[in-house]
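Number of protein chains: 2
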Amino acid sequence: MNIFQLTEQIILGERRAIARGISLVENESPQALELLQLLFPKTGNAYRIGITGPPGAGKSTITNKLALHYSNQFSEANKNKKVAIIAVDPTSPFTGGALLGDRVRMTDVEMNDNVFIRSMASRGSLGGLSKKTKEAADIFDAAGFDIILMETVGVGQSELDIVSAADTTVVVLVPESGDSIQAMKAGLMEIADFFVLNKSDRPGAEQAVMSIKTVLGLATRYAQHTEETWIPDVVSTIGNEGKGIDKVAEMIAKHRTSLERTNQLTNKRSERIEERIRELVEEQLHKNFWNDAREKILRNEIEFVLSHKRTPYDVAVELVKNV
Amino acid sequence: MNIFQLTEQIILGERRAIARGISLVENESPQALELLQLLFPKTGNAYRIGITGPPGAGKSTITNKLALHYSNQFSEANKNKKVAIIAVDPTSPFTGGALLGDRVRMTDVEMNDNVFIRSMASRGSLGGLSKKTKEAADIFDAAGFDIILMETVGVGQSELDIVSAADTTVVVLVPESGDSIQAMKAGLMEIADFFVLNKSDRPGAEQAVMSIKTVLGLATRYAQHTEETWIPDVVSTIGNEGKGIDKVAEMIAKHRTSLERTNQLTNKRSERIEERIRELVEEQLHKNFWNDAREKILRNEIEFVLSHKRTPYDVAVELVKNV
Numbered sequence: 009m010n011i012f013q014l015t016e017q018i019i020l021g022e023r024r025a026i027a028r029g030i031s032l033v034e035n036e037s038p039q040a041l042e043l044l045q046l047l048f049p050k051t052g053n054a055y056r057i058g059i060t061g062p063p064g065a066g067k068s069t070i071t072n073k074l075a076l077h078y079s080n081q082f083s084e085a086n087k088n089k090k091v092a093i094i095a096v097d098p099t100s101p102f103t104g105g106a107l108l109g110d111r112v113r114m115t116d117v118e119m120n121d122n123v124f125i126r127s128m129a130s131r132g133s134l135g136g137l138s139k140k141t142k143e144a145a146d147i148f149d150a151a152g153f154d155i156i157l158m159e160t161v162g163v164g165q166s167e168l169d170i171v172s173a174a175d176t177t178v179v180v181l182v183p184e185s186g187d188s189i190q191a192m193k194a195g196l197m198e199i200a201d202f203f204v205l206n207k208s209d210r211p212g213a214e215q216a217v218m219s220i221k222t223v224l225g226l227a228t229r230y231a232q233h234t235e236e237t238w239i240p241d242v243v244s245t246i247g248n249e250g251k252g253i254d255k256v257a258e259m260i261a262k263h264r265t266s267l268e269r270t271n272q273l274t275n276k277r278s279e280r281i282e283e284r285i286r287e288l289v290e291e292q293l294h295k296n297f298w299n300d301a302r303e304k305i306l307r308n309e310i311e312f313v314l315s316h317k318r319t320p321y322d323v324a325v326e327l328v329k330n331v
Numbered sequence: 009m010n011i012f013q014l015t016e017q018i019i020l021g022e023r024r025a026i027a028r029g030i031s032l033v034e035n036e037s038p039q040a041l042e043l044l045q046l047l048f049p050k051t052g053n054a055y056r057i058g059i060t061g062p063p064g065a066g067k068s069t070i071t072n073k074l075a076l077h078y079s080n081q082f083s084e085a086n087k088n089k090k091v092a093i094i095a096v097d098p099t100s101p102f103t104g105g106a107l108l109g110d111r112v113r114m115t116d117v118e119m120n121d122n123v124f125i126r127s128m129a130s131r132g133s134l135g136g137l138s139k140k141t142k143e144a145a146d147i148f149d150a151a152g153f154d155i156i157l158m159e160t161v162g163v164g165q166s167e168l169d170i171v172s173a174a175d176t177t178v179v180v181l182v183p184e185s186g187d188s189i190q191a192m193k194a195g196l197m198e199i200a201d202f203f204v205l206n207k208s209d210r211p212g213a214e215q216a217v218m219s220i221k222t223v224l225g226l227a228t229r230y231a232q233h234t235e236e237t238w239i240p241d242v243v244s245t246i247g248n249e250g251k252g253i254d255k256v257a258e259m260i261a262k263h264r265t266s267l268e269r270t271n272q273l274t275n276k277r278s279e280r281i282e283e284r285i286r287e288l289v290e291e292q293l294h295k296n297f298w299n300d301a302r303e304k305i306l307r308n309e310i311e312f313v314l315s316h317k318r319t320p321y322d323v324a325v326e327l328v329k330n331v
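The listed protein sequences derive, respectively, from chains A and B.
First residue of the first sequence: 9, per the numbering used here; consecutive thereafter.
First residue of the second sequence: 9, per the numbering used here; consecutive thereafter.
The structure is reproduced here in structure tokens:
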């Protein structure tokens with residue numbers, strides 16, 4: 009199949025074509041760039057939701073139940089609407105296993121015709137995961153998906169990059185996370201549009217909600233407020249039983265309305281485009297620079313650096329000088 | 009103080025100068041590059057040990073006790089030898105707090121004159137942490153430190169990058185990690201030169217050691233072996249009580265000897281130099297490229313991309329074309 013056919017089929021929403029497109033992205037195929045370029049004019053309609061939190065908070069459950077919620081809503085109201093899940097399996101060898109386990113148990117969501125789940129892993133070749141996730145989201149977007157849920161473990165900088173790719177970011181915590189809220193308020197306040205306290209039937213849930221609210225209060229007290237300022241809040245859930253999922257969806261809708269009213273959605277999307285152009289430029293510069301001649305210079309110089317006859321800094325300057 | 013004076017004082021091993029040099033690196037000061045270039049000829053003597061593992065495995069304890077072990081050894085045998093700890097506080101808002109707590113409790117190690125502890129955090133400005141850690145290691149190296157311990161939480165790709173910066177990488181696990189070893193064997197086998205099973209007085213310790221050994225056996229069974237092939241093993245410790253730390257140091261020494269005998273230490277250092285030159289080149293290309301004129305083009309094009317009159321791909325190609 010050529011790339012034009014694939015583009016057309018993705019735009020028609022054909023599942024196998026979508027899966028194939030994402031595989032091109034995942035494998036860093038040279039065709040991926042062409043595909044994304046062809047699909048670009050069809051993007052910009054999906055709403056992108058990032059779901060993050062510490063390991064064990066129940067992100068997969070919340071994400072899946074939320075997908076189910078949208079799926080049912082769409083089935084009743086508008087049969088053409090669709091929801092996608094991109095589950096990011098982080099690069100860490102320490103957390104990969106557990107995540108995969110969750111994922112396997114929850115695939116029943118995918119029985120619904122209007123839901124598409126895709127895991128993005130990067131075991132082996134590290135790096136580039138957040139870029140690939142954003143590219144996968146673009147494919148779903150072009151394929152006519154209305155809601156894209158991006159689930160990531162909240163560890164490491166690449167995961168935070170993905171958060172910046174979301175229109176709304178939900179941070180999932182559990183009562184046990186409560187103790188450390190004080191310590192982590194700075195980082196979380198930056199990324200969370202609102203919090204979900206999951207497993208809220210466990211001991212300490214009420215105190216946890218209170219302490220999140222306290223932190224939120226302190227953090228926003230001195231901020232300049234207008235009537236339009238979005239103030240993050242906490243929603244309690246029991247993910248396993250589906251309790252509170254409707255409230256999470258409601259809060260997402262509320263945040264979306266707020267973004268749209270204040271023009272912030274457009275700002276977010278402008279920033280994302282800027283970031284994308286910068287990424288593409290860096291890639292191109294890298295590719296143009298490292299030709300055979302320069303690779304050869306680099307290889308030759310290494311032994312001089314090893315023996316301290318030169319420094320890495322001299323070599324870099326020399327390589328760049330004659331661009 | 010000018011940068012030449014700072015360089016001299018760092019080479020003399022003055023603690024305040026070292027701290028100041030690392031701060032220049034941490035704050036991405038323009039002077040940092042100059043400093044590193046001046047220090048480079050004095051690097052290459054330190055042995056770099058990476059210590060990683062899941063949160064809660066006791067990495068800080070192992071790292072600190074190991075530093076204490078070397079410190080005592082040096083005090084008896086060679087009063088000029090020194091050991092440094094670089095503790096990497098990951099970028100995640102979810103794990104930062106706990107780590108910091110450990111660190112505060114353990115600073116008693118630093119009472120020893122021949123030990124220097126430095127935490128590297130990146131809260132706020134994300135990214136660049138692994139690069140900064142390697143640069144801090146270069147500063148300690150030039151300052152005459154013999155052993156550099158780099159402690160990182162094993163999550164996210166930046167932490168794995170740091171592992172690649174070590175001569176010997178130690179992965180710390182606890183009996184509770186045992187269940188998931190099967191799932192994570194691939195990733196861990198790549199990075200671990202050997203494993204430490206910490207908290208080995210807890211239930212399930214023996215089974216955990218057995219299952220790590222089983223995984224190691226399976227993974228190395230079909231590899232081509234010579235007499236010189238390094239085969240990873242497991243060392244049991246009770247970090248809190250200092251039990252098994254001498255065996256960890258012994259295993260590090262054994263691995264070091266193996267690397268030296270097989271010329272792999274030189275290979276590792278060549279790779280590190282290559283990586284460093286590539287990093288510096290990318291930085292330089294980036295800096296040269298994004299002049300005011302190009303930044304202006306970028307800003308102007310964003311709205312055309314937003315309205316789908318152009319694609320990010322066209323804009324990137326156009327920007328790069330006239331380099």
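Glycine included, C-beta positions come from ideal geometry on N, C-alpha and C.
Cβ of residue i within 8 Å of any chain B Cβ
i	result
GLY52 (chain A)	yes
GLN39 (chain A)	no
MET9 (chain A)	no
VAL96 (chain A)	no
LEU76 (chain A)	no
THR145 (chain A)	Here residue 145 (chain A) is Ala; the residue named in the question, Thr, does not match the sequence. Chain B contact via Cβ: absent.
ILE30 (chain A)	no
LEU306 (chain A)	yes
PRO183 (chain A)	no
PRO240 (chain A)	no
GLU290 (chain A)	yes
THR160 (chain A)	no
GLU282 (chain A)	yes
VAL223 (chain A)	no
VAL328 (chain A)	yes
PHE202 (chain A)	no
Three-way DSSP call (helix, strand, coil) for residue i in this model
i	result
GLY29 (chain B)	helix
GLU236 (chain A)	coil
ARG111 (chain A)	Only weak support is given to the placement of ARG111 (chain A): the predicted model assigns it a pLDDT of 48, under 50, and the question is left unresolved by the model.
ALA174 (chain A)	coil
ALA191 (chain A)	Any reading at ALA191 (chain A) needs caution, since the residue's pLDDT is 40, under 50, leaving its predicted position unreliable; the model's value is listed next. Correct three-state label for ALA191 (chain A): helix.
PHE12 (chain B)	helix
GLN82 (chain A)	The sequence given here has Phe at residue 82 (chain A), not Gln. Helix at PHE82 (chain A).
LEU134 (chain A)	Summary for LEU134 (chain A): the model assigns pLDDT 44, below 50, so the residue's position carries little reliability; its value from the coordinates is reported in the next sentence. Of the three classes helix, strand and coil, the one that applies to LEU134 (chain A) here is coil, per DSSP.
ARG126 (chain B)	strand
Residue i at chain A interface by Cβ criterion, 8 Å
i	result
PRO320 (chain B)	yes
HIS316 (chain B)	yes
ARG277 (chain B)	yes
GLU16 (chain B)	no
PHE153 (chain B)	no
VAL256 (chain B)	no
GLN272 (chain B)	no
Anticipated Cβ contact below 8 Å, residue i with residue j, distance rounded
i	j	result
VAL179 (chain A)	THR60 (chain A)	6 Å
ALA257 (chain A)	HIS77 (chain A)	5 Å
SER266 (chain B)	TRP238 (chain B)	5 Å
VAL328 (chain A)	GLN292 (chain B)	4 Å
HIS294 (chain B)	GLU326 (chain A)	Not quite, the Cβ-Cβ distance comes to about 18 Å (not below 8 Å), so this is no contact.
Beta-carbon spacing of residue i, residue j below 8 Å
i	j	result
ILE155 (chain A)	ILE57 (chain A)	yes
LYS73 (chain A)	ASN122 (chain A)	no
THR141 (chain A)	MET158 (chain A)	yes
ALA92 (chain B)	PHE124 (chain B)	yes
LEU43 (chain B)	THR71 (chain B)	no
ILE214 (chain B)	VAL33 (chain B)	The question names Ile, but residue 214 (chain B) in the sequence shown is Glu. No, Cβ-Cβ distance for GLU214 (chain B) and VAL33 (chain B) is not below 8 Å.
ALA95 (chain A)	SER138 (chain A)	no
LEU224 (chain B)	PRO211 (chain B)	no
LEU301 (chain B)	PHE153 (chain B)	In the sequence as presented, Leu is not what sits at residue 301 (chain B); that position holds Ala. Not closer than 8 Å, so no.
- Message: When you compare the region 78–94 of chain B with the region 173–186 of chain B, are there three or more beta-carbon pairs, one atom per stretch, that lie closer than 8 Å?
- Response: no
- Task: For the region 32–47 of chain B and the region 138–156 of chain B, state whether three or more C-beta atom pairs, one from each stretch, are separated by less than 8 Å.
- Result: yes
- Message: Using a Cβ distance threshold of 8 Å, determine whether the region 238–245 of chain B contacts the region 202–216 of chain B, with at least three qualifying pairs required.
- Response: yes
- Item | Cβ pair count under 8 Å reaching 3, the region 300–313 of chain A against the region 278–286 of chain B | yes
- Message: Check whether the region 310–320 of chain B and the region 25–37 of chain B touch, using three or more Cβ-Cβ pairs below 8 Å as the test.
- Response: no
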